[in-house]
Amino acid sequence: MVLAVDIERDLPGFQLRVSFTCGESTLGLLGSSGSGKSMTLRCIAGLDRPTRGRITLGKRVLFDSAAGINLPPQQRRVGFLFQNYALFPHLTVAGNIAMGLRGMERQKREKIVKEMISRVKLDGLENRYPRQLSGGQQQRVALARALVLQPEVLLLDEPFSALDNHLRSEMEQELKVLLNNFSGSSVFVTHNLEEAYRLCPNLLILEDGKVIASGSREDIFNKPPNLSTARITGCQNLSKIRVLQDNTVEALDWGCFLRITADNMLEGASYAGISSRHIRPAGKDDHVNTVHCRIFDVIESPHQVTLSVKPTGRETNNISFLKLSISNEEWRRIALQNPEELKICLPPERVFLTF
């Protein structure tokens, strides 16, 4: 079942212009706050009305401004997991899940609700109210309510934002299994880059209401097509360049020259970039794109260390920092040898060019 969206929505000071298709693989929507991610979901669900355009789900038309079609939310077969879960506080777990089944024969409704409660691991909690549940349990109720009508599209708006790190990881694993078994289209909004990469094979990048990039997660993260996408996907190392011969560029902001693989050369590109996780301390066998640097800052976290370095031999005032992320063990080894200087390697196959 393919979801096809091609809509525009005009608001004072903001215009949404999005066009994309989504099949059975989960599509992730990334972008800064106010870029139009949640508004896009609300238009698909029928909670907001686009100014013009068309939304189809398979052969069904959900919205068509030219034809005057605008199906109400209850007829769209769209499940929506809201950021704040939007549970009814006066209803029990079973009551919240059953809300979408009003009008159904009682025995059938109770059977479906019972099956859904078991599916989302809420057995024994059916008579509790939202205030009596943990954040993860509330999320399961909201997910069950979204799935109970067997939707053809599942929309998830920052579903883990209210959870602590441990519960977030646990719920992410559960949701991953659910999405893999879901036969319809699913669209996932998040600010968490690692979360998006793990759950969404394909990504759509929004900026100021417009699509600025789309494609596989590998291409979006490793070869972002523009500077904005590189920044949104978390690339901290970006430099203006001057293109030279033989697949070589001068990284003007880093004060060094870099070789680029032929596959990564891009005619007309004005920037080079590389992820902090792809820069590494140079080894004895590294001879290309190695740079002697001075270490200016060390940020330690439980699982990695981020170093801010600048190439030596240049006036550092006009040179931007390069950031690399290494393991704690590797940093301890480096610090024992020389905690002030480091020779790094920017692998040619990891350096991308962009506009």
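Heads up, the sequence shown is in this note's numbering, so the first residue is 983 and it goes up one at a time.
No residue lacks a Cβ here, since even glycine has one placed at the ideal position from N, Cα and C.
{"query": "Mind listing, in chain order, the continuous beta strand (DSSP E) runs of no fewer than 3 residues lying wholly within the stretch 1306–1331?", "result": "1323–1327"}
{"query": "What does DSSP give as the partner residue(s) for proline 1263 in the beta ladder?", "result": "Ile1326"}
{"query": "Can you tell me which of the three DSSP states arginine 1091 falls into?", "result": "helix"}
{"query": "Mind reading off the beta-carbon distance from valine 1231 to leucine 1011? Whole number of angstroms is fine, and I expect it under 8 Å.", "result": "Rounded, the Cβ-Cβ distance is 32 Å, inconsistent with contact."}
{"query": "If you draw a straight line from the alpha carbon of phenylalanine 1002 to that of threonine 1074, how long is it in whole angstroms?", "result": "38 Å"}
{"query": "Contact defined as beta carbons within less than 8 Å: I believe asparagine 1229 pairs with methionine 1247. What is the distance between those atoms, to the nearest angstrom?", "result": "6 Å"}
{"query": "Is leucine 1188 close to chain C? Criterion is C-beta to C-beta, closer than 8 Å.", "result": "The chain labelled as chain C is not found in the depicted structure, where only one protein chain is given."}
{"query": "Counting along the chain, where does the beta strand (DSSP E) carrying cysteine 1004 start and finish?", "result": "996–1004"}
{"query": "Hey, which unbroken runs of the alpha helix (DSSP H) at 4 residues or more fall wholly within the stretch 1194–1274?", "result": "1199–1204 and 1209–1214"}
{"query": "Would you kindly work out how many angstroms separate the C-alpha atoms of glycine 1013 and threonine 1211, rounded to a whole number?", "result": "9 Å"}
{"query": "Note down, one range per segment and in chain order, each beta strand (DSSP E) of at least 3 residues found wholly within the stretch 1023–1057.", "result": "1034–1039 and 1042–1046"}
{"query": "Can you have a look at alanine 1244 and say buried or exposed, based on whether 16 or more other CB atoms are within 10 angstroms of its CB?", "result": "exposed"}
{"query": "Quick one: residues in its chain with C-beta nearer than 7 Å to the C-beta of serine 1258, no 5 flanking neighbours on either side, listed in chain order?", "result": "Gln1218, Asn1219, Thr1288, Lys1305, Leu1306 and Ser1307"}
{"query": "In the DSSP assignment, what residue or residues form a beta bridge with valine 1291?", "result": "Ile1277 and Leu1304"}
{"query": "Check glycine 1061 in the structure and name its three-state DSSP category.", "result": "strand"}
{"query": "My understanding is that glutamine 1121 touches methionine 1153, with C-beta atoms under 8 Å, so please give their C-beta distance in whole angstroms.", "result": "6 Å"}
{"query": "So the beta strand (DSSP E) leucine 993 belongs to, where does it begin and stop?", "result": "985–993"}
{"query": "Are the stretch 1057–1072 and the stretch 1097–1115 touching by the rule of at least three beta carbon pairs closer than 8 Å?", "result": "yes"}
{"query": "Check this for me: beta carbons of arginine 991 and threonine 1038, under 8 Å apart or not?", "result": "no"}
{"query": "Output yes or no for whether 8 Å exceeds the beta carbon distance between glycine 1028 and arginine 999.", "result": "no"}
{"query": "Check whether the stretch 1323–1337 and the stretch 1193–1210 touch, using three or more Cβ-Cβ pairs below 8 Å as the test.", "result": "yes"}
{"query": "Is the CB-CB distance between proline 1183 and threonine 1008 below 8 Å?", "result": "yes"}
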